[in-house]
Amino acid sequence: MSSPTMNPLVILLGLIFIAGGAKAQTPPQLLLPEPTGASSVGTTVWHWIDAERPDEHTSTRDDVREIMAQAWYPAVVDSALESAPYAPLYSGLSHVRTWSAAGARIAPGGDSLPVVVIAPGRGVARHFYTSIAEDLASHGYFVIAVDSPHSGRVVYPDGRSIPPSASYRIPFEILTGPYEHVDEFFAEAAEFGAQDLAFALQRVAELNREDPARRFTGRLELSRLGAFGHSLGGRIAGAAVAADSRFVAYASMEGVPPREPRQGGMDAAVLMMVSSALPDMAQPNIREIIPERRNDVYIATLSGFGHNSVTDLPLLEPDEYQYDVEPRLGLTVARRLLLAFFNQYIRQDSGAMHPITDVERVTFEAFAQP
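What follows is the structure, given as structure tokens:
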């Protein structure tokens, strides 16, 4: 029996229906919170290979340590430049719109840009801190976030992907025991991650001496550094700060530095950010940094925040991250805290932290330098 001939109009209507159904499944565009500074923002991504440092427990090329790094900075952005993709190497995020322009020229000016490094949390890729990074960059900072293999999630330009290592997923029984066990459990991750940050800063210093793209040569201030770490990234950033005397400001969201700098004191000023839901058993470890401090220490309790409220995740996946604080308000508060802190201790603006003590949803404890 011959097949019946389909009416062309029926075929066309069917295609329209299918296309319409597919379009309905596409997430609507989501624009990140607008940066609050006066400068436009540029961004660039680097794939760096540390040939001097083997990474024996990975499957990356030649068993050497490979990191992905992304910088945001004040830039000259003209109408011909489109906004940079949020995370081009990751699927499912093409609908997210940033305020950065890829490869834009750095903003002109005589002042060098202060540098802040971001250490992501375990399993959290660098792009989930874009809202914070863009805001700092709009205020004149050069911000660089580093994906560390095994602690974070890393996707390379050639398509290779390294998920966070299961060996860094801490068992609940360790969390409930003496905190020394937590220090031991994360010792390797902190060491590798701190070395990644140091290597990234080394490459940034090379760009500051002579940038092949002629963007950053002589424009970066590397004598007074800041660091922001989240969760495991707080421990990684703390280890990096303890090892490099150029760091003058260390901020962390629910991550503590390793035992030695935590108990022995840190030269950098410290901002410890904690959610109001943080278990009481974790509080003593965060506060261990106070007695032997050698600089100002702030403990900021963020009411209604969740562990990931300082990232873009609650904004992108509100059903997954159902915290009391609305995602955009959470980012607004976090961005204001970090900007004030870095302004005071990197730029040495002595009054920057004063008005921040009255910010909505933030309870401050301040411990002055002895």
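Residue numbers for the sequence shown follow this note's numbering, so the first one is 3 and each next one is one higher. Note that beta-carbon positions come from the ideal geometry of N, C-alpha and C, so glycine has one too.
{"Item": "Entirely within the region 78 to 148 and at least 3 residues each: give me those beta strand (DSSP E) ranges in chain order.", "Value": "85 to 87, 98 to 104 and 115 to 121"}
{"Item": "According to DSSP, which residues form a beta bridge with Ser-163?", "Value": "Val-157"}
{"Item": "Looking only at C-alpha atoms, which of Arg-211, His-232 and Gly-235 sits nearest to Leu-224?", "Value": "Arg-211"}
{"Item": "Measuring straight from C-alpha to C-alpha, what distance separates His-377 and Pro-320?", "Value": "Residue 377 lies beyond the stretch modelled for the chain, which goes from 3 to 372, so this question has no answer here."}
{"Item": "Assuming Arg-237 contacts Pro-260 under a Cβ cut-off of 8 angstroms, what Cβ separation, rounded to an integer in Å, is found between them?", "Value": "6 angstroms"}
{"Item": "Roughly how many whole angstroms lie between the Cα atoms of Gly-23 and Ser-93?", "Value": "Summary for Gly-23: the model assigns pLDDT 43, below 50, so the residue's position carries little reliability, and this model does not support an answer."}
{"Item": "Are at least three pairs of beta-carbons, each pair with one atom in the region 197 to 205 and one in the region 280 to 289, less than 8 angstroms apart?", "Value": "no"}
{"Item": "Tell me the residue span of the alpha helix (DSSP H) that contains Ala-239.", "Value": "234 to 245"}
{"Item": "Span of the alpha helix (DSSP H) holding Phe-307?", "Value": "Segment: none, Phe-307 is in no alpha helix (DSSP H) and carries neither H nor E."}
{"Item": "Does DSSP classify Leu-33 as helix, strand or coil?", "Value": "strand"}
{"Item": "Measuring alpha carbon to alpha carbon, tell me which of Ala-109, Ser-96 and Arg-155 ends up nearest Met-70.", "Value": "Arg-155"}
{"Item": "Over what stretch of residues does the beta strand (DSSP E) that includes Phe-249 continue unbroken?", "Value": "249 to 255"}
{"Item": "Kindly confirm or deny that the region 136 to 156 and the region 331 to 342 touch, where touching means at least three C-beta pairs closer than 8 angstroms.", "Value": "yes"}
{"Item": "Should Leu-11 be labelled buried (16 or more other beta-carbon atoms within 10 Å of its own) or exposed?", "Value": "For Leu-11, the predicted structure reports a pLDDT of 37, less than 50, and the residue's modelled location is therefore unreliable. A value from the coordinates is still provided. Leu-11 should be labelled exposed."}
{"Item": "Hey, how far is the Cα of Lys-25 from the Cα of Ala-196?", "Value": "Reliability fails at Lys-25, whose pLDDT of 45 lies under 50, so the model's placement of it is uncertain and no value is given."}
{"Item": "In angstroms, rounded to a whole number, what distance separates the CA positions of Arg-188 and Gly-231?", "Value": "Inspection of the sequence shows that residue 188 is occupied by Phe rather than by Arg. Roughly 15 angstroms separates the two Cα atoms."}
{"Item": "Whose C-beta lies closer than 8 angstroms to the C-beta of Ser-352 among residues of the same chain, with five residues either side of it excluded?", "Value": "Gln-346"}
{"Item": "Is there contact here, the region 290 to 300 with the region 324 to 333, by at least three beta-carbon pairs under 8 angstroms?", "Value": "no"}
{"Item": "Please identify the residue among Pro-87, Glu-322 and Ile-291 whose C-alpha is closest to the C-alpha of Gln-371.", "Value": "Ile-291"}
{"Item": "State yes or no: is the C-beta of Ala-127 within less than 8 angstroms of the C-beta of Val-148?", "Value": "no"}
{"Item": "Classify Thr-359: buried if its beta carbon has 16 or more other beta carbons within 10 angstroms, exposed otherwise.", "Value": "exposed"}
{"Item": "When you compare only the Cα positions, how much space is there between Ile-348 and Ser-247?", "Value": "13 angstroms"}
{"Item": "Applying the criterion that 16 or more other CB atoms from any shown protein chain within 10 Å of the CB defines a buried residue, is Thr-365 buried or exposed?", "Value": "exposed"}
{"Item": "Helix, strand or coil for Gly-375 per DSSP?", "Value": "Any question about residue 375 goes unanswered here, given that the chain covers just 3 to 372."}
{"Item": "The alpha helix (DSSP H) spanning Phe-366 covers which residue range?", "Value": "No alpha helix (DSSP H) holds Phe-366; the beta strand (DSSP E) holding it covers 364 to 369."}
{"Item": "Assign Ser-163 to one of two classes, buried (16 or more other C-beta atoms within 10 Å of its C-beta) or exposed (fewer than that).", "Value": "exposed"}
{"Item": "What does a CB cutoff of less than 6 angstroms around Gly-125 pick up in its chain, not counting 5 residues either side in sequence?", "Value": "Arg-155 and Pro-166"}
{"Item": "Near Glu-294, which residues of its chain fall below 7 angstroms by C-beta distance, leaving aside the five closest residues on each side in sequence?", "Value": "Gln-265, Gly-266 and Gly-267"}
{"Item": "Which of the three DSSP states, helix, strand or coil, is assigned to Val-258?", "Value": "coil"}
{"Item": "Kindly identify the DSSP beta-bridge partner or partners of Ala-76.", "Value": "Before going further, note that residue 76 is Pro rather than Ala in the sequence given. Note: Pro-76 sits in a beta bridge opposite Val-43."}
{"Item": "Are the CB atoms of Ala-104 and Ala-86 nearer to each other than 8 angstroms?", "Value": "yes"}
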